[in-house]
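Read the structure below first, then the notes.
Now the structure itself:
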């Protein structure tokens with residue numbers, strides 16, 4: 119007689135099954151988080167590549183700038199005439215009659231050579247009187263070129279060359295000792311402006327022993343204001359920032375101005391701070407960091423680069439939260455999807471186990487029914503979840519057919535979800551759309567990694583734009599090679615953006631036409647200004663955002679003239695002082711009208727600053743040099759050209775080449791020389807503009 123089954127023996131298979139299921143769940147959870155970790159590493163690698171690309175670009179720009187400066191003094195030092203004259207001066211000063219050297223004409227030649235070279239290379243400027251100092255008191259220069267003899271005494275110098283303090287004398291001594299080109303690191307000059315010095319040795323024409331003999335030095339001193347904008351070009355991420363730092367005496371000095379407004383060379387932090395991004399970069403140059411904190415305390419991602427000629431480290435960083443925001447959103451989506459899939463697979467396992475563990479037919483049938491009900495419940499839950507979203511969701515199996523489809527997709531083709539599950543992609547989507555989907559599915563299956571891309575697909579007979587995510591599903595039994603596809607319709611978003619942009623430009627066009635009626639002498643003025651400014655911006659290779667700023671500002675540049683009386687705009691004779699003031703106030707009116715409009719770029723600033731001049735003689739705020747943004751400098755040149763070549767009530771139009779000559783004469787005083795040169799290149803070498811014909815008022 120068989121032994122009766124005890125309760126412990128009956129429960130043993132149950133315990134084994136539960137343990138197996140828990141193990142599978144744990145393994146599935148582990149695999150999901152391992153995949154998420156892999157995605158994190160991939161995203162960090164992508165972030166490192168992006169940061170490195172920007173860092174390398176700006177590192178090259180800084181190196182190029184440094185090389186340009188040192189090449190000025192190096193080229194002077196290699197000038198054969200200068201070497202000959204300095205050799206003769208050195209010989210003359212060693213003669214019995216030293217007065218002969220003082221009368222030699224070489225001194226005049228050297229001074230003229232330095233002056234011309236300084237103007238051409240940017241080593242010459244006009245020192246501005248300090249605030250609170252009598253303008254009649256001579257002010258110290260801030261830039262210049264000088265030639266020294268082998269002992270460090272000045273032979274010739276430009277008029278604005280600043281005097282040598284002890285630190286500069288020390289740098290000159292190092293250059294003499296090293297007998298090769300030398301750069302004095304960034305320092306604050308007497309006016310507290312960041313400056314640098316570049317020194318190159320001059321060798322005598324001949325030497326008795328055949329070795330190069332030092333005849334003197336060429337030294338150039340200038341402000342480094344032009345260096346810092348190179349660290350901000352093409353900025354895309356809001357929190358991204360490029361810094362130049364140096365480690366010195368146990369502290370980190372920030373060389374360039376920081377995003378929080380701290381001026382150059384004014385921030386110093388301890389190099390011993392473990393979490394400080396700059397401290398890490400100087401201690402481990404070239405390495406990628408993901409958890410360090412910048413000077414504001416924010417956690418950042420960063421890369422760094424070193425320089426051969428100076429003890430500088432270039433750091434390019436971005437706030438970790440901004441850089442990793444797409445990953446965090448993607449992780450939430452993957453966790454939801456994977457755990458949903460794991461939940462379904464678990465339900466299938468439970469049903470299969472309960473079906474196979476029955477000891478009697480009735481018990482098996484009962485268990486099978488229960489498992490089937492559970493599976494139906496879970497399937498209903500899955501279907502309910504997917505049916506109540508606005509995305510198209512379906513699973514493609516290894517043979518190119520549907521394994522699962524949500525209700526939204528089925529309704530689009532007049533079917534039920536279960537009907538779609540028995541069809542292939544071509545039979546539902548057609549050959550063209552199914553080929554596009556199948557190509558991505560094949561890539562995802564091959565690489566085993568998710569892909570997200572924008573696709574134009576025809577679903578339900580309607581062509582739409584979708585944000586589609588393809589996710590490879592884990593293999594289970596016969597269910598292998600499956601890919602989950604989630605397609606989110608973004609057609610309305612794209613169309614809405616297009617409509618808003620069209621409406622914006624229609625409104626601007628309408629305003630321009632109304633203004634043309636108000637000021638008949640400015641017909642198509644803003645259209646031509648926009649054409650010229652955009653041509654210059656493109657030749658200067660400004661990014662799309664800056665070009666859009668130039669286009670908008672050029673189109674709206676005369677908006678404030680609505681508030682200038684028409685009789686002033688059309689007055690035949692010269693304007694009186696008060697009338698000129700009313701005309702000048704048009705930029706103030708434009709600012710008031712547009713100040714609350716949420717432009718993507720500095721459109722209002724470009725319009726207001728387009729009447730400013732580099733020398734501070736413009737209006738309304740008398741800004742100078744770098745205080746004027748680049749789009750405003752471009753608009754200033756474009757506006758001047760169009761204004762001079764179009765007639766006004768009180769004067770005839772001017773030929774375009776006469777206008778170009780006037781603009782060129784005012785380069786570096788009123789207008790940015792780089793913008794002026796670009797304009798002249800467009801007119802003289804690239805066909806000019808559509809309205810180039812010369813006209814005059816009868």
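Residue numbers (the working numbering): 119 to 816.
Ideal placement from N, C-alpha and C gives every residue a C-beta, glycine not left out.
Alpha carbon to alpha carbon, how far is residue 428 from residue 362?
11 Å
Please work out which residues of its chain come closer than 7 Å, Cβ to Cβ, to residue 439, disregarding the five sequence neighbours upstream and downstream, and give them in chain order.
none
Within 8 Å, do at least three Cβ pairs link the region 749-760 to the region 720-732?
yes
For the alpha helix (DSSP H) containing residue 510, list its first residue and its last residue.
It is not in any alpha helix (DSSP H) - residue 510 instead sits in the beta strand (DSSP E) that spans 510-514.
Please list, in chain order, all residues of the same chain as residue 528 whose beta carbon is under 6 Å from its beta carbon, the five residues on each side excluded.
534, 535 and 538
Give me the Cα-Cα distance between residue 576 and residue 514, rounded to the nearest whole angstrom.
17 Å
Start and end of the beta strand (DSSP E) containing residue 319?
312-321
Give the range of the alpha helix (DSSP H) segment to which residue 65 is assigned.
Past the boundaries of the shown model lies residue 65; the chain is included only from 119 to 816, so the question cannot be answered.
Closest Cα partner of residue 581 within the set 610, 146 and 433:
610
Completely contained alpha helix (DSSP H) runs for the region 697-775, where each covers 4 or more residues:
704-712, 721-727 and 748-762
Excluding the five sequence neighbours on either side, which residues of its own chain have a C-beta within less than 8 Å of the C-beta of residue 292, listed in chain order?
300
Using three-state DSSP, classify residue 267 as helix, strand or coil.
strand
Please report the distance separating the alpha-carbon of residue 532 from that of residue 507.
18 Å
To the nearest angstrom, report how far apart residue 375 and residue 318 are at their CA atoms.
28 Å
Would you kindly report the start and end of the unbroken beta strand (DSSP E) that includes residue 529?
Where residue 529 is concerned, there is no enclosing beta strand (DSSP E), although the alpha helix (DSSP H) it sits in stretches over 525-530.
Mind checking whether residue 586 and residue 605 have CB atoms under 8 Å apart?
yes
Tell me which residues share the same chain as residue 763 and place their Cβ nearer than 7 Å to its Cβ, disregarding the 5 neighbours each side in the sequence.
771, 772, 774 and 777
Measuring CA to CA, which of 358, 162 and 180 is closest to residue 414?
358
Once DSSP output is grouped into helix, strand and coil, what is the label at residue 108?
One cannot answer for residue 108 here, as it falls past the ends of the chain, which runs 119 to 816.
Should residue 672 be labelled buried (16 or more other beta-carbon atoms within 10 Å of its own) or exposed?
buried
Considering residue 366, what are the terminal residues of the alpha helix (DSSP H) in which it resides?
Not the alpha helix (DSSP H): residue 366 falls in the beta strand (DSSP E), residues 359-366.
Specify, as a first and last residue, the run of the beta strand (DSSP E) that residue 341 falls within.
332-341
8 Å Cβ cutoff met for residue 263 and residue 286:
no
6 Å CB neighbourhood of residue 420 in its chain, flanking five on each side removed
395, 407, 433 and 435
According to DSSP, is residue 782 helix, strand or coil?
helix
Which of helix, strand or coil does DSSP assign to residue 569?
strand
Going by C-alpha distance, which of 511, 502 and 543 is nearest residue 517?
543
I'd like to check one pair, residue 564 with residue 599: are the Cβ atoms closer than 8 Å?
no
According to the neighbour-count rule (16 or more other Cβ atoms, all chains shown, within 10 Å of its Cβ), is residue 390 buried or exposed?
exposed
Would you tell me roughly how many angstroms separate the C-alpha atoms of residue 234 and residue 686, rounded to the nearest one?
46 Å
Taking the alpha carbon of residue 355 as the reference point, which residue from 522, 168 and 196 has its own alpha carbon closest?
168
Option in 558, 261, 282 and 657 with minimal Cα separation from residue 342
261
Please state the DSSP three-state secondary structure of residue 197.
coil
Residues in the same chain with beta-carbon distance under 8 Å from residue 344, minus the five sequence neighbours each way, listed in chain order, please.
183 and 240
Work out the CA separation of residue 678 and residue 711 for me, nearest whole Å.
8 Å
Give the DSSP bridge partners of residue 417, in chain order.
411
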